[in-house]
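In this note's numbering, the protein residues as written are 1298 to 1978.
First comes the structure, then the notes that go with it.
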């Protein structure tokens, strides 16, 4: 495609977008968040809309905005790696605006949240590459157009440049393996502004990258471009579509083939300490000797290095064991690694789910597949230390009435994460606590093996018959399925759980990334709160786990939970759904409800002050009564005293009283003479 053909294609794409937007509409351009490449999209979008009157807002402002037409920014936020906010933003935009248009983006419809959002939307959705367009056709009102970066004016940056720029990505969308390019500069993360980013690209003659917008910008500046595929189709499809016949060539990813560090074990400073401290197994045997009594269930999603470490820690046990790895719709690269792992060890069975079943759904499926007496639930980022499985099994064999046992779970720094815990059930709450905290795993203050109120699901050995009698509730989709299961079992059979100090488990706590905006943070919070709502609906009690951490506004002055406020919040979210709840939360519509505890504290303080004032008044009234009791006799004679005072005043004012001063010496002399006469007689 020559220059004229490319210009015509861009013009046709621009027309398609502007025709869809139309004239005379109240337009709101909703900007997202991301690296510098996203700023190029926004700048191009502003050029596209230069003849329109529009408002520009961030996605955090979306819940409080409304109008005729919302234009959701083009992005890669419909991918496996970065889909945490855009599907929810689309749903909220449709609640707030009459029309919604998704500007040109790439889509991975095998990601559950992406597919679900597109299947139920009435928005017009533009794809920026042929593969994405084909994927979304039939799911929604799909159209095709160039990425909005193509509407940016690159003419000030078209210079010859010198040398080679290696700008391969280092974030969550990078392909697997170790980056081998010396001097690599992931400019989309290291540059502080769009101008600086563009200047770096302009200053080079050859640009090598696996970032879509580095590729687009470099090509439209006239650079030679070599691109390596990212972890989905985005770059290849844009190159084959909008950039075909530009000097853009595909190269192999500049990375080593993926291999797990340390034979599949992520490093941890405490690892060797744990290995040395691990007690000997009670009954060592030969791996694979006899039929397996335990099926280790490991759920996985895009963390192959951790899965390999977890599997290796199980298969190293001296008891016969089967391993069931359930992949929750991971990316193709992860699935290739897991398939190779299963092919190397006949004890490992791999089940590939075409959607994300979640923890509850995956473990529920595993129970249907398990053919053993026991199931070990092991998080994919946890590892059993030597002898752990043997000690867990010996504990349940010694206590046939127990439904499950958990080990001593330790963080990477040696701190105890949990070691069983307690469960307290009241009329309003089901409260779970954990044994552990900030103590070290070898602290002698830790209690010995024994009963436990519940067993967290990080590393728990459970009887399959108990799991069949009390099936895992898949409604606890986001989290807390282990709390719910233990609550039901312990309510029906008190004393069902144990803890085993001799079973050491290392938990890497790999996490799932972090929220990058208030919008995504609130969206994630609402999903967890919805799980609390499901527990309340099912059991009639509040699940007292993390609720105050998720919603600190529900704390009363003494630090306890505002039970009535929590019930109202959970019932409201269950009734209205997570899209509405996220919108209302961000928009401040829940503030009156979330402020109940604060208002109650203020009312309590006002009542306390009123009681104090009333007590002071009562004290004053009592003092007044005591004064009156003393003063009453005095007050009774006041009229007589007043009359006497008036009489004396008249006497003192009379003439006889004034003669008193002259008569007193005569009277004293007369008295003296009388005394002398008396003495002579």
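Heads up, the beta-carbon is just placed ideally off N, CA and C, and yes, glycines get one too.
How long is the line joining the alpha carbons of residue 1333 and residue 1446, rounded to whole angstroms? The alpha-carbon atoms of residue 1333 and residue 1446 are separated by roughly 12 Å.
From 1670, 1518, 1936, 1438, pick the residue whose C-alpha is nearest to that of residue 1592; which is it? Comparing Cα-Cα distances from residue 1592 to each of 1670, 1518, 1936, 1438, the minimum goes to 1670.
Tell me residue 1992's beta-bridge partners as DSSP assigns them. This structure leaves residue 1992 out entirely; the chain is present only between 1298 and 1978.
For residue 1706, which option in 1571, 1622, 1306, 1823 has the closest C-alpha, if you only look at C-alpha atoms? Checking every option, the nearest Cα to that of residue 1706 belongs to 1571.
With DSSP run on the structure shown, which of helix, strand or coil describes residue 1748? Reduced to three states, the DSSP call for residue 1748 is strand.
Mind the definition here: the stretch 1666-1680 touches the stretch 1626-1638 only if three or more C-beta pairs lie below 8 Å; say whether that holds. Short answer: they don't touch.
Supposed contact pair residue 1838 and residue 1721 - C-beta distance, whole angstroms, cut 8 Å: So it is not a contact: roughly 11 Å between Cβ atoms.
Cut-off 7 Å between Cβ atoms - residues of its own chain near residue 1649, not counting five sequence neighbours on either side: If we look at residue 1649 and ignore the five residues flanking it on each side, its Cβ neighbours are 1624, 1632.
Beta-bridge pairing of residue 1730 - partner residues as DSSP gives them: According to DSSP, residue 1730 bridges with 1719.
Closer than 7 Å: is that where the CB of residue 1725 sits relative to any heavy atom of the ligand ATP? Looking at this structure, you won't find the ligand ATP or any other ligand, since it has none at all.
State whether the stretch 1410-1419 contacts the stretch 1376-1385, with contact taken as three or more CB pairs (one from each stretch) at a distance under 8 Å. Because the criterion of three Cβ pairs below 8 Å is met, the stretch 1410-1419 and the stretch 1376-1385 touch.
Rounded C-alpha distance that separates residue 1920 from residue 1823: Those two C-alpha atoms are separated by around 58 Å.
Integer-rounded CB distance, given that residue 1454 should sit under 8 Å from residue 1499: Residue 1499 to residue 1454, Cβ: 4 Å. Contact.
Cβ neighbour criterion (16 or more within 10 Å) applied to residue 1616: Buried, because 16 or more other Cβ atoms sit within 10 Å of the Cβ of residue 1616.
Let me know if residue 1584 comes out buried or exposed under the rule of 16 or more other beta-carbons within 10 Å of its beta-carbon. Confidence is the limiting factor: at residue 1584 the pLDDT is only 47, short of 50, which leaves the residue's position unreliable, though a coordinate-based value still follows. Its Cβ having fewer than 16 others within 10 Å, residue 1584 is exposed.
Considering residue 1838, what are the terminal residues of the alpha helix (DSSP H) in which it resides? Counting along the chain, residue 1838 falls outside any alpha helix (DSSP H), and DSSP gives it neither H nor E.
Quick check: what's the CA-CA separation for residue 1692 versus residue 1702? Rounded to whole angstroms, the separation of the alpha carbons of residue 1702 and residue 1692 is 7 Å.
As a quick exercise: from 1425, 1647, 1801, pick the residue whose alpha carbon is nearest that of residue 1688. Answer by Cα proximity: 1801.
Residue range of the unbroken alpha helix (DSSP H) whose run includes residue 1300: Per DSSP, residue 1300 belongs to the alpha helix (DSSP H) from 1300-1318.
Residue range of the unbroken alpha helix (DSSP H) whose run includes residue 1427: Where residue 1427 is concerned, the enclosing alpha helix (DSSP H) stretches over 1427-1433.
Collapsed DSSP secondary structure at residue 1539 in the structure displayed: In the structure shown, residue 1539 adopts coil according to DSSP, grouped into three states.
Less than 8 Å separating the beta-carbons of residue 1883 and residue 1832? With respect to the 8 Å criterion, residue 1883 and residue 1832 are not classified as neighbours on the basis of their beta carbons.
So, at 8 Å on beta carbons, what are the nonlocal neighbours of residue 1873 in its own chain, with the 5 sequence-adjacent residues on each side left out? For residue 1873, same chain residues with a beta-carbon under 8 Å away, outside a window of 5 residues either side, are 1881 in chain order.
CA-CA distance, residue 1943 and residue 1936? Rounded to the nearest whole angstrom, the C-alpha separation of residue 1943 and residue 1936 is 11 Å.
Measure how close the beta-carbons of residue 1805 and residue 1660 come, nearest whole angstrom, since I'm counting them as under 8 Å. With a Cβ gap of about 20 Å, residue 1805 and residue 1660 do not count as contacting.
Mark residue 1643 as exposed unless 16 or more other C-beta atoms lie within 10 angstroms of its C-beta, in which case mark it buried. So residue 1643 ends up on the exposed side.
Whole-angstrom C-beta distance between residue 1508 and residue 1485, which should lie under 8 Å: So it is a contact: roughly 6 Å between Cβ atoms.
Are residue 1795 and residue 1715 close, meaning C-beta to C-beta below 8 Å? The answer is no: Cβ separation not under 8 Å.
C-alpha distance - residue 1560 paired with residue 1497, whole-angstrom precision: Any reading at residue 1560 is ruled out, since the residue's pLDDT is 44, under 50, leaving its predicted position unreliable.
Enclosing alpha helix (DSSP H) for residue 1547 [first to last residue]: Under the DSSP assignment, residue 1547 falls outside any alpha helix (DSSP H), being part of the beta strand (DSSP E) whose first and last residues are 1545-1547.
Looking at the structure shown, is residue 1814 part of a helix, part of a strand, or coil, going by DSSP? Reduced to three states, the DSSP call for residue 1814 is coil.
At the level of alpha carbons, what is the spacing between residue 1406 and residue 1433? Taking the straight line from one Cα to the other gives about 7 Å.
Tell me the rounded alpha-carbon separation between residue 1483 and residue 1463. Computed Cα separation, rounded: 8 Å.
Nearest-angstrom beta carbon gap, residue 1604 and residue 1622 [assumed within contact, 8 Å]: Taking a contact as a CB-CB distance under 8 Å, the pair residue 1622 and residue 1604 counts as one, their CB atoms being some 6 Å apart.
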